[in-house]
């Protein structure tokens, strides 16, 4: 299998710190032992099958995935480009799709919001003729207090433009982090993106709910998976995020076509603290 990864990132070179089995041996805090990355299929299983991705895999044709987003796609907070989530996802896909030629392109740009991403959608994403686009969106809109109506319009436009090309789309909602939790519209943003995915015939990777479970259920300290800046993810959380995303893609794209999609069971929503 051949993977390529293009991205922009700061940080020193990651020197063989990642375990072959998964890739999270880098201590994420002062502890010498990183916590395990547990499956969360009840949250991460996609409602839809990713038909174009499934067809490419079934026919043993090259598969191109573009990761579109801002700093947590580019990999801010990671120690190197190899520790970003698209890179860790690519490494996991080598295991879950053996023999499949997959190209993963990192199109994350620090600081961008939906308007910026739409401006480069044609040249930076659609021009690559991807089969699957993973669109991380919403965090910067929250941090900057952008109108939810504006976000709704731009996300709907972006999904429609991608889907018109027959490309599979997965939205990725904001991270569970102190800077996000402090925003009063955080819960509304999560609900909006979930609704936009349903209405636009896209899938949703509920990153916020996954990370919230790390903290509230698995009792992993926030500093273990969030950078000291209180916003960005780190090597451990990018690795786990990448693994869970790769597993969700693999399951959806290899799911028998005769099996009806079953929406994942979401925990009852509660007001954010």
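Residue numbers (mature numbering (1 follows the signal peptide of the UniProt record, and there is no 0)): -30 to -1, 1 to 243. We put the beta carbon where it would ideally sit given N, CA and C, even for glycine.
How many whole angstroms separate the CB atoms of residue i and residue j, which I take to be in contact at a CB cut-off of 8 Å?
i	j	result
residue 36	residue 98	6 Å
residue 129	residue 81	That pair is no contact at about 22 Å.
residue 153	residue 112	5 Å
Judging by CA-CA distance, which residue of the options is the nearest neighbour of residue i?
i	options	result
residue 226	21, 189 and 11	21
residue 174	210, 218 and 194	218
residue 86	39, 172, 102 and 182	39
residue 204	29, 102, 177 and 55	55
residue 216	78, 193, 67 and 161	67
residue 70	151, 28 and 48	28
residue 126	65, 31 and 168	168
residue 137	105, 177, 148 and 65	105
residue 197	47, 220, 155 and 72	47
residue 155	224, 88 and 116	116
residue 148	43, 224, 223 and 199	199
residue 150	177, 134, 135 and 166	177
So does residue i have its beta carbon nearer than 7 Å to some heavy atom of the ligand COA?
i	result
residue 167	For the ligand COA, the structure offers nothing, since it holds no ligand at all.
I'd like the list of long-range same chain contacts for residue i, defined as Cβ closer than 7 Å, with 5 residues on each side in sequence excluded.
i	result
residue 190	5 and 184
residue 213	-9, 7, 58 and 62
residue 88	124, 127 and 128
Residues in its own chain within less than 6 Å of residue i by CB, not counting five upstream and five downstream?
i	result
residue 182	146
residue 163	108, 141 and 143
residue 101	22, 23, 26, 33 and 34
residue 132	103 and 139
residue 179	13
residue 83	110 and 111
residue 10	180
residue -2	Note that residue -2 has pLDDT 40, beneath the 50 cutoff, so the model's placement of it is unreliable and the number below is only indicative. Answer for residue -2: 193 and 194, listed in chain order.
residue 43	37, 78 and 106
Does residue i get closer than 8 Å to chain C when you measure Cβ to Cβ?
i	result
residue 161	Chain labels in this structure do not include chain C; a single protein chain is all it has.
The alpha helix (DSSP H) that contains residue i, what's its start and end?
i	result
residue 219	205 to 224
residue 90	Looking at the DSSP string, residue 90 is not in any alpha helix (DSSP H), and its letter there is neither H nor E.
residue 247	Nothing about residue 247 can be read from this structure; the chain reaches only from -30 to 243.
residue 131	118 to 133
residue 13	11 to 14
residue 60	55 to 66
residue 177	177 to 186
residue 151	148 to 151
What span of residues does the beta strand (DSSP E) with residue i cover, start to end?
i	result
residue 23	Element bounds for residue 23: not the beta strand (DSSP E) but the alpha helix (DSSP H), 21 to 28.
residue 35	33 to 39
Please work out which residues of its chain come closer than 8 Å, Cβ to Cβ, to residue i, disregarding the five sequence neighbours upstream and downstream, and give them in chain order.
i	result
residue 220	63, 66 and 67
residue 114	83
Mind the definition here: the segment 202 to 211 touches the segment 77 to 93 only if three or more C-beta pairs lie below 8 Å; say whether that holds.
Inter-segment contact for the segment 202 to 211 and the segment 77 to 93 is absent: fewer than three beta-carbon pairs are separated by less than 8 Å.
Quick check: the segment 117 to 129 against the segment 153 to 167, are at least 3 beta-carbon pairs closer than 8 Å?
Touching, yes.
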